[in-house]
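Right, one structure below, let's go through it.
Protein chains: 2
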Amino acid sequence: MMSRDSTSDPRPLPGLCVGCNVRANGVCSALGMDHLHELSRHAKRSLLPSGKELVMQGEANETYTNMVHGVVKLTKYMADGRQQIVSLKFAPSLVGKCAHRESAVSALTATEAQVCSFPRDVLEMIASKSPAVETRMHQQALMELDQAREWMLALGRKNAQEKLATFLVMVARSNSRNSQMRQQFQLPLNRTEIADFLGLTIETVSRQLTRLRQSNVISLRDSRHVTINDSRALELMSDHSLAQTLSH
Amino acid sequence: MMSRDSTSDPRPLPGLCVGCNVRANGVCSALGMDHLHELSRHAKRSLLPSGKELVMQGEANETYTNMVHGVVKLTKYMADGRQQIVSLKFAPSLVGKCAHRESAVSALTATEAQVCSFPRDVLEMIASKSPAVETRMHQQALMELDQAREWMLALGRKNAQEKLATFLVMVARSNSRNSQMRQQFQLPLNRTEIADFLGLTIETVSRQLTRLRQSNVISLRDSRHVTINDSRALELMSDHSLAQTLSH
DNA sequence: CGCACTCTTGAGCCGGATCAATGTACGTGG
DNA sequence: CCACGTACATTGATCCGGCTCAAGAGTGCG
Chain A
-13 MMSRDSTSDP RPLPGLCVGC NVRANGVCSA LGMDHLHELS RHAKRSLLPS
37 GKELVMQGEA NETYTNMVHG VVKLTKYMAD GRQQIVSLKF APSLVGKCAH
87 RESAVSALTA TEAQVCSFPR DVLEMIASKS PAVETRMHQQ ALMELDQARE
137 WMLALGRKNA QEKLATFLVM VARSNSRNSQ MRQQFQLPLN RTEIADFLGL
187 TIETVSRQLT RLRQSNVISL RDSRHVTIND SRALELMSDH SLAQTLSH
Chain B
-13 MMSRDSTSDP RPLPGLCVGC NVRANGVCSA LGMDHLHELS RHAKRSLLPS
37 GKELVMQGEA NETYTNMVHG VVKLTKYMAD GRQQIVSLKF APSLVGKCAH
87 RESAVSALTA TEAQVCSFPR DVLEMIASKS PAVETRMHQQ ALMELDQARE
137 WMLALGRKNA QEKLATFLVM VARSNSRNSQ MRQQFQLPLN RTEIADFLGL
187 TIETVSRQLT RLRQSNVISL RDSRHVTIND SRALELMSDH SLAQTLSH
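Going down the list, the protein sequences come from chains A and B.
Per our numbering, residue -13 is the first one in the first sequence, and the count goes up by one each step.
Per our numbering, residue -13 is the first one in the second sequence, and the count goes up by one each step.
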């Protein structure tokens, strides 16, 4: 039987990849059938509990990890324990890209997560042979750079209320195009993590959420389940920025 | 007469490129002689005054700009005028990389700057044909991502004193390996810009510099000329972080 | 039930913002 | 030359948003 894939490779998809949304939307979508098979031979699917570390700041980073489902947080630490979450990775992101051999951040699962990981050198070998893969990874790095800079604006210039609004809008948008899930969803982080993402304390995060609830912009079924009642208000609060960057 | 270049191309360097430090260390170092000639045909050298805009936030970005000498600041604006400098680009950086057609930031010269610019599509065409160029640009994007995240830690979790120390160390390191210039140098930004980079006000910046001066960590010949008297103290103040990221 | 963990709420404080005045350097025109 | 204006920086006085410290509430689990 022949594969219906657009490439001429007659082989079917590796079993691991059937129905995988990374295959459809992530880095893997840039892989030809041959490279997909090569990569999947070294790939390992696993279900990680929340709080599992993928790599620690300062350690050598030997594996790439595709997010299939769930959320990973990238954190930077200071010696005295202060910490800053510098990125949230939702599926189908690739985690583990870094400029040097040693990771400048720690990567921990923030929720239970389904991942697909493989050795660093395997993907890099493939990337060096396939311009499409390199281009795809490059493109993703540029998008992450945009996100990081958007967040720098929030950290440096927004007040607590605006930071919370920005965060809620970001999480809402990370959910599928499904407008239902953009209106009602679970927070992938607890209060401590939200604080470490926004450069605030947990008390301030809690108080600001209470304010948003009292002004009827959002509702909270419990501390993790948010319903956005007035998305327009939230966006106005979050984002006075001139360019509606990434507004799609 | 034959070129002494490592490639087999018999042509000499384009006149524009002779002695250019971007050729030696920047993206251009990844260009083969053929691509170098192609690019230089579309390139234009110019000396820009301080405050000149290269591209504005939200506008289409049609040109790449190589920094030959001087400093460019990348700024994000909010509608009410608040702004955040999200990156400083020193020579031999390439300015203009962006994930989408529209720039998410404004790029302005912070000092007088010698630059070499060319149309976006010319470099992208070359990159699509030359893996070495794409890889080089990818690598630079990853390094900028590291820097952005390092700065997020500063913006979110460091106090005013630590932010200033971090900034001074960063500028010192941006100067050549020459230890003389790391100890005594000019600030590429005025107080307002430093404040917009650090997420502070000019008054706080000024006061913290005064404090550093009074505690004899630095000296100021005038508001722009800094001498670092105690670099060890400065580094301790700036960077309690576990991993001495990019410590080389 | 008690214990652990997370979240919320209150009271008071402090670091950095705000508002205001002054200082300094440098040009420009009388 | 000085008088004046402009841009930038410093310094002081006061204020307030978010932090700190502390207590209580909600939830889940052995």
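From the three backbone atoms N, C-alpha and C, an ideal C-beta is built for every residue, glycine too.
Starting from residue i, find everything on chain A with Cβ-Cβ shorter than 8 Å and list it in chain order.
i                : result
GLN125 (chain B) : ALA85
PRO117 (chain B) : SER114, PRO117, GLU120
VAL91 (chain B)  : ARG135
MET223 (chain B) : Going along chain A, no residue has its Cβ under 8 Å from MET223 (chain B), so there is no contact; the nearest lies around 12 Å.
Do residue i and residue j have their C-beta atoms closer together than 8 Å?
i                : j                : result
GLY56 (chain B)  : GLN100 (chain B) : yes
MET64 (chain B)  : LEU141 (chain A) : no
ALA245 (chain A) : ASN7 (chain A)   : Absent from the model: residue 245 (chain A). The displayed extent of chain A is -13 to 234, so no value can be given.
GLU88 (chain A)  : ALA46 (chain A)  : yes
GLU120 (chain A) : GLU120 (chain B) : yes
CYS3 (chain B)   : VAL54 (chain B)  : no
ALA85 (chain B)  : ASP132 (chain A) : yes
GLY18 (chain A)  : SER114 (chain A) : no
ASN52 (chain A)  : GLY12 (chain A)  : yes
LEU74 (chain B)  : TYR50 (chain B)  : no
HIS28 (chain A)  : VAL157 (chain A) : no
GLN172 (chain A) : ARG122 (chain A) : no
ALA96 (chain B)  : VAL72 (chain B)  : no
VAL203 (chain A) : LEU175 (chain A) : no
GLU48 (chain B)  : PRO105 (chain B) : yes
LYS83 (chain A)  : LEU222 (chain B) : no
Could you name the residues of the same chain whose beta carbon sits closer than 7 Å to that of residue i, not counting the 5 residues immediately before and after it, in chain order?
i                : result
SER224 (chain A) : GLU148, ALA151, THR152, VAL155
ALA229 (chain A) : With a pLDDT of 43 at ALA229 (chain A), under the threshold of 50, the modelled position of that residue is not reliable, and no figure is offered here.
SER26 (chain A)  : PRO0, LEU2, CYS3
SER160 (chain A) : PHE76
ASP208 (chain B) : none
ARG31 (chain B)  : LEU2, CYS102
If the cut is a Cβ gap below 7 Å, which residues of chain A does residue i touch?
i               : result
PRO35 (chain B) : Going along chain A, no residue has its Cβ under 7 Å from PRO35 (chain B), so there is no contact; the nearest lies around 24 Å.
Excluding sequence positions up to five away, which residues of its chain have a Cβ less than 8 Å from the Cβ of residue i?
i                 : result
SER(-8) (chain A) : For SER(-8) (chain A), the predicted model reports a pLDDT of 44, less than 50, meaning its position is unreliable and no value from the coordinates is stated.
GLU98 (chain B)   : LEU33, LEU34, PRO35, SER36, GLY56
LEU206 (chain A)  : LEU195, ARG199, VAL212, THR213
SER92 (chain A)   : GLU39, VAL41, MET42, GLN43, LEU60, THR61, LYS62, TYR63
ARG68 (chain A)   : none
GLY185 (chain A)  : GLN70, LEU141, LYS149
ILE112 (chain A)  : LEU17, HIS21, GLU24, LEU25, VAL119
Ordered along the chain, which non-local residues of its own chain (more than five positions away) have a Cβ less than 6 Å from that of residue i?
i                : result
GLU39 (chain A)  : LEU94
THR187 (chain A) : ALA181
ASP216 (chain B) : VAL203
ARG218 (chain A) : none
LEU232 (chain B) : With a pLDDT of 39 at LEU232 (chain B), under the threshold of 50, the modelled position of that residue is not reliable, and no figure is offered here.
Grab the span of the beta strand (DSSP E) containing residue i for me, first residue to last.
i                : result
SER165 (chain A) : First-last for SER165 (chain A): 165 to 169, but that is the alpha helix (DSSP H), not the beta strand (DSSP E).
ARG31 (chain A)  : 30 to 34
ALA99 (chain A)  : 99 to 105
THR187 (chain B) : First-last for THR187 (chain B): undefined, no H or E at that position.
GLN69 (chain A)  : 69 to 76
GLU39 (chain B)  : 39 to 41
LEU173 (chain A) : Unbroken run through LEU173 (chain A): none, as it is neither H nor E.
MET138 (chain B) : Where MET138 (chain B) is concerned, there is no enclosing beta strand (DSSP E), although the alpha helix (DSSP H) it sits in stretches over 117 to 143.
MET64 (chain A)  : Premise fails: MET64 (chain A) is in no beta strand (DSSP E) and is neither H nor E.
ILE54 (chain A)  : One point to set straight first is that residue 54 (chain A) is Val, not Ile, in the sequence displayed. Per DSSP, VAL54 (chain A) belongs to the beta strand (DSSP E) from 49 to 55.
VAL212 (chain B) : 211 to 214
SER205 (chain B) : 204 to 206
Mind listing the chain B neighbours of residue i? Cutoff is C-beta to C-beta under 7 Å, in chain order.
i                : result
MET138 (chain A) : GLN70, VAL72, ALA134, TRP137, MET138, LEU141
MET129 (chain A) : ALA85
How would you list, in chain order, the residues of chain B whose beta-carbon sits under 9 Å from the beta-carbon of residue i?
i               : result
GLY12 (chain A) : What GLY12 (chain A) touches in chain B: nothing, since even the nearest Cβ is about 16 Å away.
What residue does the alpha helix (DSSP H) around residue i start on, and which one ends it?
i                : result
ALA93 (chain B)  : Note, ALA93 (chain B): premise wrong, no alpha helix (DSSP H); beta strand (DSSP E) at 92 to 95.
ASN7 (chain A)   : 7 to 11
VAL155 (chain A) : 146 to 160
LEU220 (chain B) : 217 to 224
Kindly list, in the order they appear in chain B, the residues whose Cβ is closer than 8 Å to that of residue i.
i                : result
LYS62 (chain A)  : ARG135, GLU136, MET138, LEU139, SER227
GLY185 (chain A) : LEU141, GLY142, ARG143
Examine the ligand MG and report whether any of its heavy atoms sits within less than 7 Å of the Cβ of residue i.
i                : result
GLN126 (chain B) : Although the ligand MG was asked about, the structure shown includes no ligands whatsoever.
Does the pairing of the stretch 139 to 154 of chain A with the stretch 187 to 200 of chain A give three or more beta-carbon distances under 8 Å?
-> yes
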